[in-house]
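Residue numbers (the numbering used here): 311 to 703.
Cβ coordinates follow ideal geometry from the N, Cα and C atoms, glycine included.
Working notes, structure below.
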Ligand SMILES: [Zn+2]
């Protein structure tokens, strides 16, 4: 980090300290002189909402969208994002659309979710047309695929789960939309290698961005990049502390201060296959451990291991924490392949010695099963690595 960057970051911390929330949070800090930035406490999602709530009505600040992430049952945690959505700072570095593109925006509108509005805004900045379609049920797709083709769709944006669904249908039925489709944009969940491979095979350029509602876009990638590696934007200061990402937004137009915000992902620095160093590889969520059979298990790690099996196209964990508790690794086979579930189960247990010992031959509590498709959250169209299925079934 240059001394200029340190100067900018210290300025952000000092300005934030004038807000009531930070006055409390930073009470023990001496913010004079060249204070050490690593002494500044981290922020959580709750902090973002709490910091802004008392000053939200300040008439001097610019207008904002109130967006939320998650919060399906609990009170939503709000982030204030400027109406301009930082597009001025994003598009010079990440411009996935051309002015002759027609973008089918499959992100769900409403419910304070941000992606739909962001991709409409991105299309506008790139001079492209946009079809704000939103979420489509699987049985409606054949009809909508015809519609999108009729209106010249060249690009689609959605979660990787949605993109996979649409591409599988279009490719499987030999739909003419594939002749024109040249760009796919993903967001919201990690992009599996299979989707990246499918796009490459069919000449569709795959672009993604990484971030959260609170930080907004942190990094981006394109067709020559690894799908889970991202290049940080200049206004996002990324620190990696013990494998966790902390992000500070230095954009002068930011409405909520985002200072050492803990995004909740395990990450590392890497050089992207596109050749650019200083990229962030995202490995999954932090601390996603569940107590199962009396031991701590990372369902994400089991899912990642299952996906290393050459016959497995996709995998997901399903966990019932009632009585009797149960953990299931669900796998979708590669077309034309058969998954040896017994061998896969044994391999997974070999990697988890505590779990193998705890189960001691109990075959029903931990199972590997073959399924046609993985469970998806209907509202967000995301496929989580772990389905929490609550009580016994
Ligand atoms: Zn790259």
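Query	Result
Kindly examine ligand 1 and report whether one of its heavy atoms sits closer than 7 angstroms to the Cβ of residue 591.	no
Using CA coordinates, which residue listed in 699, 698, 682, 695 is at the minimum distance from residue 475?	682
Just to check, is the beta-carbon of residue 541 closer than 7 angstroms to a non-hydrogen atom of ligand 1?	yes
Could you pull the start and end residues of the beta strand (DSSP E) that residue 676 belongs to?	676-680
Please specify which runs of the alpha helix (DSSP H), each continuous and at least 4 residues long, are wholly inside the region 377-433, giving them in chain order.	397-400
According to the Cβ coordinates, are residue 495 and residue 518 closer than 8 angstroms?	yes
How about residue 430: is its Cβ closer than 7 angstroms to a heavy atom in ligand 1?	no
Using the beta-carbon count (16 or more within 10 Å), is residue 583 buried or exposed?	exposed
When you measure from the CB of residue 586 to every non-hydrogen atom of ligand 1, does any distance come out below 7 angstroms?	yes
Rounded to whole angstroms, what's the CA-CA distance from residue 375 to residue 457? Just pull it up for me.	31 angstroms
Fully enclosed by the region 523-591, which beta strand (DSSP E) runs are 3 residues long or longer?	526-531, 539-542, 546-551, 554-559, 571-580
Confirm, please, whether the CB-CB distance from residue 531 to residue 539 is below 8 angstroms.	yes
At a cut-off of 7 angstroms, is residue 531 close to ligand 1 when judged by its beta-carbon and the heavy atoms of the ligand?	yes
Going by alpha carbons, who is nearest to residue 350 out of 435, 549, 425, 392?	549
Less than 7 angstroms between C-beta atoms, sequence neighbours within five positions excluded: which residues of the same chain meet that for residue 473?	466, 494, 496, 505
Are there any heavy atoms of ligand 1 lying less than 7 angstroms away from the beta-carbon of residue 534, as far as the coordinates show?	yes
Out of curiosity, what's the CA-to-CA distance linking residue 557 and residue 573?	7 angstroms
Exposed or buried, which one is residue 551 when buried takes at least 16 other CB atoms within 10 Å?	exposed
Three-state secondary structure (DSSP) at residue 453?	helix
Please report the distance separating the alpha-carbon of residue 703 from that of residue 677.	Annotation note: pLDDT 40 at residue 703 (below 50); position unreliable, no value reported.
What first and last residue would you give for the beta strand (DSSP E) that runs through residue 367?	No beta strand (DSSP E) holds residue 367; DSSP gives it neither H nor E.
Out of 620, 670, 455, which has the shortest C-alpha to C-alpha gap to residue 447?	455
Going by other Cβ atoms of all chains shown within 10 Å of its Cβ, with 16 needed for buried, is residue 601 buried or exposed?	exposed
Is there contact here, the region 623-640 with the region 559-574, by at least three beta-carbon pairs under 8 angstroms?	no
Using only alpha-carbon positions, find the residue among 464, 409, 542 that is nearest to residue 488.	464
Inspect the beta-carbon positions of residue 437 and residue 426 and report whether they are closer than 8 angstroms.	no
For residue 563, which residues of its own chain have a beta-carbon under 6 angstroms away from its beta-carbon, when the five flanking residues on both sides are left out?	392
Using the Cβ count rule (16 or more neighbours within 10 Å means buried), how would you classify residue 667?	exposed
Tell me whether residue 332 sits in a helix, a strand or coil according to DSSP, three-state version.	helix
Looking only at its chain, what residues have a beta carbon closer than 8 angstroms to the beta carbon of residue 515, apart from the 5 residues adjacent to it on each side?	406, 492, 493, 494, 509, 532, 533
Which residues in the same chain as residue 591 place their Cβ atom closer than 6 angstroms to its Cβ, once the five residues preceding and following it in sequence are excluded?	539, 578, 580
If I measure Cβ to Cβ from residue 623 and keep anything under 7 angstroms in the same chain, skipping five residues before and after, which residues do I get?	504, 642, 643, 644
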